[in-house]
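Contents: one structure, followed by commentary.
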Amino acid sequence: MGEFDKEQAIADIAENLGISKEYVNFDENKKIYIIKDNNNLKKIHIKNFNYKLYERYNLSFTKCIFECEIKDTRGLSSDIENGIFFLKCEFENKILFFNLYFKNISFILCNFKNNTTFQACTFKTFCNFESSVFENFVSFDKSMFLDKVS
Numbered sequence: 001m002g003e004f005d006k007e008q009a010i011a012d013i014a015e016n017l018g019i020s021k022e023y024v025n026f027d028e029n030k031k032i033y034i035i036k037d038n039n040n041l042k043k044i045h046i047k048n049f050n051y052k053l054y055e056r057y058n059l060s061f062t063k064c065i066f067e068c069e070i071k072d073t074r075g076l077s078s079d080i081e082n083g084i085f086f087l088k089c090e091f092e093n094k095i096l097f098f099n100l101y102f103k104n105i106s107f108i109l110c111n112f113k114n115n116t117t118f119q120a121c122t123f124k125t126f127c128n129f130e131s132s133v134f135e136n137f138v139s140f141d142k143s144m145f146l147d148k149v150s
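So that you can map any letter, position 86 of the sequence shown is 86 in the UniProt record's numbering, and since no number is skipped, the others follow by simple counting.
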């Protein structure tokens, strides 16, 4: 991926999340876009989350507060081949995913403050909710875990 392509991707990610581009970086070794404060001084407030992001990019969020609802209810089954990683994130609003196939998704030390639903989702290879807290309703109704879960 060229430097221009990375800059375009960074701008796209920042715009779709409602954050400044300064909080989005690309890790060349892991081939992943990392969303965090590089000084580790403050949490990043995520205003929007568009499902197209996780279809386009490998994403890693560290110390982010998701102020928006996160939902994908298009009714179409979608394969999410890109990895999505959340570390020490807070989710203030509802999360609703419907009929998605996740290859690799991880929530480590995260706090879910509202309802969290993975309806008819399939977790293909690795799914991690290590040391995360669900303060409200959580459901994996009709979901399948095909490999490791931690």
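Each residue gets a CB set at the ideal place from its N, CA and C atoms; glycine is no exception.
From the options, residue whose alpha carbon lies closest to that of residue i
| i | options | result |
| --- | --- | --- |
| Asn128 | Ile84, Asn40 and Leu41 | Ile84 |
| Leu109 | Gln119, Phe123, Leu100 and Glu90 | Glu90 |
| Asn115 | Asn136, Arg56 and Glu69 | Asn136 |
| Ile44 | Lys142, Ile32 and Glu67 | Glu67 |
| Leu146 | Phe134, Thr125 and Ser131 | Thr125 |
| Ser150 | Gln8, Thr122, Ser106 and Ala120 | Ser106 |
| Tyr101 | Asp5, Ser143 and Lys31 | Ser143 |
| Ser20 | Asp37, Lys31 and Phe97 | Asp37 |
Continuous beta strand (DSSP E) stretch holding residue i: start and end
| i | result |
| --- | --- |
| Leu96 | Ile95 to Phe98 |
| Leu59 | Leu59 to Thr62 |
| Tyr23 | It is not in any beta strand (DSSP E) - Tyr23 carries neither H nor E in the DSSP assignment. |
| Lys124 | Thr122 to Asn128 |
| Lys71 | Ile70 to Asp72 |
| Phe118 | Thr116 to Gln119 |
| Ser78 | Ser78 to Ile80 |
| Phe85 | Ile84 to Leu87 |
Cutoff 8 angstroms: residue i Cβ touching any chain D Cβ
| i | result |
| --- | --- |
| Lys63 | Going by chain labels, chain D is absent from the structure shown, which holds only one protein chain. |
Helix, strand or coil at residue i according to DSSP, with G and I counted as helix
| i | result |
| --- | --- |
| Ser47 | Looking at the sequence provided, one finds Lys at residue 47 rather than Ser. Lys47: coil per DSSP, three-state reduction. |
| Tyr52 | For the sequence presented, residue 52 should be read as Lys rather than Tyr. DSSP places Lys52 in helix when its eight states are reduced to three. |
| Glu7 | helix |
| Glu67 | coil |
| Asn111 | strand |
| Glu90 | strand |
8 angstroms contact criterion, which residue i and residue j should meet: CB distance rounded
| i | j | result |
| --- | --- | --- |
| Phe86 | Phe112 | At roughly 10 angstroms, the Cβ-Cβ gap does not stay under 8 angstroms, so Phe86 and Phe112 are not in contact. |
C-beta contact flag for residue i and residue j at 8 angstroms
| i | j | result |
| --- | --- | --- |
| Tyr57 | Ile80 | no |
| Phe118 | Phe140 | yes |
| Asp27 | Ile34 | yes |
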